[in-house]
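These notes are about the structure you will find just below.
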């Protein structure tokens, strides 16, 4: 058997010939990233740090301590400025690579640490989406219209009040007619009973 083949020893991956290849969908990657962000935010809210974050913080502290032990003569600010300039040089894009946005799932995302005050400012500035804003405006307009309607300042409310006034007049007139007819019937009954009593 050749030296590089197989799973053991040196030689990387074993090619699974004849099997289907599995590719991760971009949407799945985004969903996983969002889920991870939500978990991190929840942990920060609860005051729980993940084991990875604690390990990274511990390694950074150890690295800083080793640097002080190796070069105690150098001031800490000078060593920090050197590392910052190195990071700047590494971060500068070369060629047109920075113009092309490629989403590589294997590339480790750079973690940007923000202060609590900055997080609060960015969350407030995001605002609402167009649909949410339109929905809120619609609800507010409906509430204002209801207030004006109850005060009787809208055309619809004035038309309703006029219609109610007409109906009230009609009912009053109908009530007067009924009262007059009742009185007339009573008068007719009394006259009839008097005529019966005399005869």
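Residue numbers (my numbering): 2 to 200. Even for Gly, the Cβ is constructed at its ideal location relative to N, Cα and C.
Nonlocal neighbours in the same chain, by C-beta distance under 8 Å from residue i, ignoring five residues either side
i           : result
residue 158 : 149, 150, 151 and 152
residue 26  : none
residue 18  : none
residue 155 : 146 and 149
Simplified DSSP assignment, three categories, for residue i
i           : result
residue 161 : helix
residue 20  : coil
residue 108 : coil
residue 96  : coil
residue 36  : helix
residue 15  : coil
residue 198 : helix
residue 26  : coil
residue 101 : coil
Rounded separation between residue i and residue j - CA only
i           : j           : result
residue 104 : residue 97  : 16 Å
residue 195 : residue 179 : 24 Å
residue 136 : residue 37  : 30 Å
residue 40  : residue 30  : 15 Å
residue 173 : residue 167 : 10 Å
residue 164 : residue 181 : 26 Å
residue 190 : residue 197 : 10 Å
residue 183 : residue 175 : 12 Å
residue 187 : residue 160 : 41 Å
residue 126 : residue 23  : Residue confidence for residue 126 is low, a pLDDT of 49 falling below 50, so the modelled location carries little weight; the figure read from the coordinates is stated next. Each residue's alpha carbon lies about 40 Å from the other.
residue 141 : residue 134 : 11 Å
residue 101 : residue 143 : 48 Å
residue 35  : residue 14  : 31 Å
residue 47  : residue 33  : 21 Å
residue 42  : residue 28  : 21 Å
residue 171 : residue 129 : 53 Å
residue 169 : residue 177 : 12 Å
residue 107 : residue 131 : 35 Å
residue 185 : residue 192 : 10 Å
Residues near residue i in its chain [Cβ-Cβ closer than 7 Å; skip 5 each side]
i           : result
residue 162 : 153
residue 20  : none
Cβ shell of residue i (< 6 Å), same chain only, five flanking positions each side left out
i           : result
residue 138 : none
residue 16  : none
message: What ranges does the alpha helix (DSSP H) occupy inside the region 125 to 156, keeping only unbroken runs of at least 4 residues that lie completely in it?
response: 131 to 152
message: Quick check for students: name the residue ranges of the beta strand (DSSP E) that lie wholly in the region 168 to 195, counting only runs of 3 or more.
response: none
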